[in-house]
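*Asks:* Residue numbers (this note's numbering), protein chains in the order written: chain A, 714 to 1047; chain B, 714 to 1047.
Backbone N, C-alpha and C fix where the C-beta goes; we use that ideal spot for every residue, glycine too.
One structure, as structure tokens, below. Some questions next.
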DNA sequence: CTGCGTAATGTAATCGGTTACAGGTAAATT
DNA sequence: AATTTACCTGTAACCGATTACATTACGCAG
């Protein structure tokens, strides 16, 4: 309730002196400093940041656009983002878009009306799947893909997927099913390329029937797996494009009496906390979410504060983690 | 970049008319309205919400204090909170405290300096485990306990726990282990009371050795379960105070060759998405997180806007969900 | 003693909206 | 015709900080 003027009056100095005492104390005499601090303590003064932000035309907040916060993969990101933002004195405005462009626009408007200084985009985007973010607003894609435009932090999805499928091939698998995300999702596109790279290398023909489309939820993985159960010529391994779908798929497969990994190997992607604790534990690709979040936030704040960027895209390494859900193919079949 | 004065000049009206055209168009003639809208379109005017908020001494943002956003139980809450806030024109400032009071204070300061209008507290609190939030700042506990002070939305943890343990007893279990949260956590206290209520009713003596302390993480559940494996007189059922610890515990038990539910029944609490998909699927208590989040946000906004509260505490019903992790005790023992 | 540099402080403008208050005009009432 | 009323509009104060610029005091060199 008390303003800087109340403090000034009580301390017997001017408002300018109070302001300086707080933001550049070295410019103020010790005598004044003491009087000011005493007055502040006496009236319980708390600076009104709304006024400060208004004056400086900055909100010191950034929007984090996330398709679904309940997705465990995104929560790791968000935690890292929030951590870094907090360190640098910025607040994180949570923008759960639920995958709809309308909500995304709502948050973009927040930046245009000065309620936020920039955007971290967690939805992957490429030229095709446009993000409707005007080019003049600071934005970093923390979860980019091969063809993401603008500043981005990403992993090499294609290479990581290839690594995984190469591994399955090295275990003797030749019929390898895929549980993909939605067809036009850039992650799906990149990872599918990696899959194709691997099988082409191994001289395996691409079979469209081996691709089951999901949407990165556990439920969709559970459903997608049925496609493989009922096949006459069942795949011996399944490459799922994320862990949640893999876990859902394992549920279906086990329920159908298919043993994992003995009858079928299953792999995931992301290495969410759960991948280690499901049964069997999941062979997967670990993304450095912590690191990616920090770098994305650093990059965004640098753009906001007008500092030059050393690089506009950053590709971080992934880790390939072998657990219990994969095994060599059984040679004695049927 | 363009301000309301630019628009006024171009439209040939006063700034007051422009302001009114935007916030109370019914008070402005059609002629003026048209001129104003034309001018707005021409210069691409976007109101500066920082100025508006500054003037109205409101930030239209609320802090959501969450111990750990990566905890799947909290993410459900947050999604509901964000949803409702967005509907009402408020932003959600994410406050991941990582369980530390320092970070909590940091966010409380945000409210004191006007960067947020109120707080949703997800950490349960009671008189004993104080939340250091000054009483003059609007705050609602969205995840309260029996002795939570101040406005709160909660479930009846004690009764829910009793229901669960009653069920285990009805299946013939007499030695029922507990995996609890940290001892002084209010949820732990409430749920332990429920456990005690149930066994007392059934004439079972309370055995301190049957209580293994965890901290609500999967990892802690995994460790706590060892306590039961090595017991001479093993419990036939384990009541875990949340799903994550239950899932961790099942991992340990299965690794030790203990079959679930044949050799030991395991139950959880919360009904996170994963509870349905783990192996075996988990018998648990479902909290209406969606509903609780919405109600908590509504209550907070009502307090912020100075409307009267019909009630200061709201206890919502839980749902008891029986799945595959529980079964009648085997009478032919050893 | 004058002039100049430095340090500390104060005065007042400023940011971009909102809104109290004061006109001004035209229709309705007396 | 005079007065009231309703409606629309404009002027300017205001919110609480920051900060450019002016002012004052003081020490020191010339």
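Does residue 969(B) come within less than 9 Å of chain A when only Cβ atoms are used?
*Replies:* Working through the second chain from its first residue, we reach residue 969(B) at position 256. Output row for residue 969(B): interface = no.
*Asks:* Let me make sure I understand the geometry here. Which of 909(B), 1004(B), 1000(B) and 832(B) has the alpha-carbon closest to that of residue 1016(B)?
*Replies:* One-based indexing of the second chain puts residue 1016(B) at position 303. It is 832(B).
*Asks:* Taking the alpha-carbon of residue 1000(A) as reference, which of 868(A), 910(A), 987(A) and 888(A) has the nearest alpha-carbon?
*Replies:* Stepping through the first chain from its first residue, residue 1000(A) is reached at position 287. When C-alpha distances from residue 1000(A) are compared across 868(A), 910(A), 987(A) and 888(A), the shortest belongs to 868(A).
*Asks:* Is the distance from the Cβ of residue 904(B) to the Cβ of residue 873(B) below 9 Å?
*Replies:* Numbered from its first residue, the second chain carries residue 904(B) at position 191. Numbered from its first residue, the second chain carries residue 873(B) at position 160. Cβ distance < 9 Å, so residue 904(B) and residue 873(B) count as in contact.
*Asks:* When the Cα atoms are used, what is the spatial distance from residue 934(B) to residue 892(B)?
*Replies:* Taking the second chain and counting its residues from 1, one reaches residue 934(B) at position 221. Taking the second chain and counting its residues from 1, one reaches residue 892(B) at position 179. The alpha-carbon atoms of residue 934(B) and residue 892(B) are separated by roughly 7 Å.
*Asks:* Could you check the C-alpha separation between residue 829(B) and residue 807(B) for me, to the nearest Å?
*Replies:* Position 116 of the second chain, counted from the first residue, corresponds to residue 829(B). Position 94 of the second chain, counted from the first residue, corresponds to residue 807(B). Rounded to whole angstroms, residue 829(B) to residue 807(B) spans 11 Å at the Cα level.
*Asks:* Contact check, residue 997(B) vs residue 1034(B) under 8 Å by CB: the rounded distance?
*Replies:* The sequence position of residue 997(B) within the second chain is 284, counting from 1. The sequence position of residue 1034(B) within the second chain is 321, counting from 1. Contact flag correct, Cβ pair sits at about 5 Å.
*Asks:* Rounded C-beta distance between residue 981(B) and residue 995(B)? I'm assuming under 8 Å.
*Replies:* On the second chain, residue 981(B) is found 268 positions in, with the first residue counted as 1. On the second chain, residue 995(B) is found 282 positions in, with the first residue counted as 1. Yes, they are in contact, since the Cβ atoms of residue 981(B) and residue 995(B) sit about 5 Å apart, within 8 Å.
*Asks:* For the stretch 884 to 934 of chain B, list the beta strand (DSSP E) runs that are entirely contained and at least 3 residues long, ordered along the chain.
*Replies:* 889 to 893 and 924 to 926
*Asks:* Any contact between the stretch 910 to 919 of chain A and the stretch 873 to 888 of chain A? By contact I mean 3 or more CB pairs, one from each, below 8 Å.
*Replies:* The stretch 910 to 919 of chain A makes contact with the stretch 873 to 888 of chain A: 3 or more CB pairs, one atom from each, lie closer than 8 Å.
*Asks:* Is the closest heavy atom of the ligand COA to the C-beta of residue 792(B) under 8 Å?
*Replies:* Among the ligands in the structure shown, none appear at all, so the ligand COA cannot be discussed.
*Asks:* Could you tell me whether any Cβ in chain A is nearer than 9 Å to the Cβ of residue 791(B)?
*Replies:* Here residue 791(B) is taken as the residue at index 78 of the second chain, counted from 1. Yes, residue 791(B) lies at the interface with chain A (some Cβ there is under 9 Å from its Cβ).
*Asks:* Report the residues of the stretch 961 to 993 of chain A with a CB closer than 9 Å to any CB of chain B, ordered along the chain.
*Replies:* Residues are counted here when their Cβ sits less than 9 Å from a Cβ of chain B; for the stretch 961 to 993 of chain A these are 961, 963, 964, 967, 986, 987, 989, 990, 991 and 992, given in chain order.
*Asks:* Which residues, in chain order, does the stretch 928 to 960 of chain B contribute to contact with chain A at a C-beta distance below 7 Å?
*Replies:* 931 and 960
*Asks:* Run the CB neighbour count on residue 965(A), radius 10 Å, all protein chains shown included, and call it buried at 16 or more, exposed below.
*Replies:* Within the first chain, residue 965(A) is the residue found at index 252, counting from 1. So residue 965(A) ends up on the buried side.
*Asks:* Between the Cα of residue 1030(A) and those of 732(A), 923(A) and 871(A), spot the shortest distance and give me the residue it belongs to.
*Replies:* The sequence position of residue 1030(A) within the first chain is 317, counting from 1. For residue 1030(A), the nearest C-alpha among the options comes from 871(A).
*Asks:* Can the beta-carbon of residue 1039(A) be found closer than 9 Å to that of residue 881(A)?
*Replies:* The residue labelled residue 1039(A) in the question sits at position 326 within the first chain. The residue labelled residue 881(A) in the question sits at position 168 within the first chain. One thing to note: residue 1039(A) has its Cβ within 9 Å of the Cβ of residue 881(A).
*Asks:* So what does DSSP say about residue 829(B), is it helix, strand or coil?
*Replies:* The sequence position of residue 829(B) within the second chain is 116, counting from 1. Correct three-state label for residue 829(B): coil.
*Asks:* Residues in its own chain within less than 8 Å of residue 847(A) by CB, not counting five upstream and five downstream?
*Replies:* As a first step, residue 847(A) is located in the first chain; it is residue number 134 there, counting from the start. 821 and 825, listed in sequence order.
*Asks:* Per the DSSP calculation, residue 997(A) is bridged to which residue(s)?
*Replies:* Along the first chain, one-based indexing puts residue 997(A) at 284. Assignment of beta-bridge partners to residue 997(A) by DSSP yields 1034(A).
*Asks:* Could you say which of 781(B), 856(B), 717(B) and 769(B) lies nearest to residue 1018(B) if we only look at CA atoms?
*Replies:* Here residue 1018(B) refers to the residue found at position 305 of the second chain. Of the candidates 781(B), 856(B), 717(B) and 769(B), the one whose C-alpha sits nearest the C-alpha of residue 1018(B) is 769(B).
*Asks:* Report yes if the C-beta distance between residue 907(B) and residue 938(B) is below 9 Å; otherwise report no.
*Replies:* As a first step, residue 907(B) must be located in the second chain, where it is residue number 194. As a first step, residue 938(B) must be located in the second chain, where it is residue number 225. Against a cut-off of 9 Å, the Cβ pair of residue 938(B) and residue 907(B) comes out as no contact.
*Asks:* Taking beta-carbon pairs under 9 Å, can you tell me which members of the stretch 827 to 848 of chain A lie near chain B?
*Replies:* 827, 828 and 829
*Asks:* Output yes if chain A places a C-beta closer than 9 Å to the C-beta of residue 799(B); else output no.
*Replies:* Numbered from its first residue, the second chain carries residue 799(B) at position 86. Residue 799(B) counts as touching chain A.
*Asks:* Can you pull the DSSP bridge partners for residue 1026(A)?
*Replies:* Position 313 of the first chain, counted from the start, is the residue given in the question as residue 1026(A). Per DSSP, 865(A).
*Asks:* Please classify residue 982(B): does DSSP put it in a helix, a strand, or coil?
*Replies:* For this step, residue 982(B) is matched to residue 269 along the second chain. In this structure, residue 982(B) counts as coil in the three-state DSSP scheme.
*Asks:* How long is the line joining the alpha carbons of residue 753(A) and residue 716(A), rounded to whole angstroms?
*Replies:* Indexing the first chain from 1 puts residue 753(A) at position 40. Indexing the first chain from 1 puts residue 716(A) at position 3. Answer to the nearest angstrom: the Cα atoms are 10 Å apart.
*Asks:* Short check: CB of residue 977(B) to CB of residue 952(B), under 9 Å?
*Replies:* The sequence position of residue 977(B) within the second chain is 264, counting from 1. The sequence position of residue 952(B) within the second chain is 239, counting from 1. Going by C-beta atoms, residue 977(B) is not nearer than 9 Å to residue 952(B).
*Asks:* Just to confirm, is the Cβ distance from residue 790(A) to residue 855(A) under 9 Å?
*Replies:* Against the first chain, residue 790(A) aligns to sequence position 77. Against the first chain, residue 855(A) aligns to sequence position 142. Inclusion of residue 790(A) and residue 855(A) in the CB contact set at 9 Å is warranted, their separation being smaller than that value.
*Asks:* Can you name, in chain order, every residue of its own chain whose Cβ lies under 7 Å from the Cβ of residue 1028(B), other than the five neighbours on each side?
*Replies:* Residue numbering aside, residue 1028(B) sits at position 315 when the second chain is read from its first letter. Within the same chain, residue 1028(B) has close Cβ partners 867, 868 and 869.
*Asks:* Under a Cβ-count criterion, where at least 16 other Cβ atoms within 10 Å of its own Cβ denotes burial, should residue 795(B) be classed as buried or exposed?
*Replies:* Walking along the second chain from the start, residue 795(B) turns up at place 82. It is buried - the Cβ of residue 795(B) has at least 16 other Cβ atoms within 10 Å.
*Asks:* Between residue 816(B) and chain A, is there a C-beta pair that is closer than 9 Å?
*Replies:* The residue you call residue 816(B) lines up with position 103 of the second chain. Residue 816(B) counts as touching chain A.
*Asks:* What separation, rounded to the nearest whole angstrom, lies between the Cα atoms of residue 837(A) and residue 899(A)?
*Replies:* Numbered from 1 along the first chain, position 124 holds the residue referred to as residue 837(A). Numbered from 1 along the first chain, position 186 holds the residue referred to as residue 899(A). Going from the Cα of residue 837(A) to the Cα of residue 899(A) covers about 6 Å.
*Asks:* What residues match up with residue 952(B) in a beta bridge as DSSP calls it?
*Replies:* Residue mapping note: residue 952(B) aligns to position 239 of the second chain, counting from 1. Residue 952(B) pairs with 891(B) and 980(B).
*Asks:* Roughly how many angstroms separate the alpha carbons of residue 984(A) and residue 785(A), rounded to a whole number?
*Replies:* Position 271 of the first chain holds residue 984(A). Position 72 of the first chain holds residue 785(A). Approximately 10 Å, taken between the alpha carbons.
*Asks:* For residue 991(A), does the three-state DSSP call read helix, strand or coil?
*Replies:* The residue labelled residue 991(A) in the question sits at position 278 within the first chain. Residue 991(A): coil per DSSP, three-state reduction.
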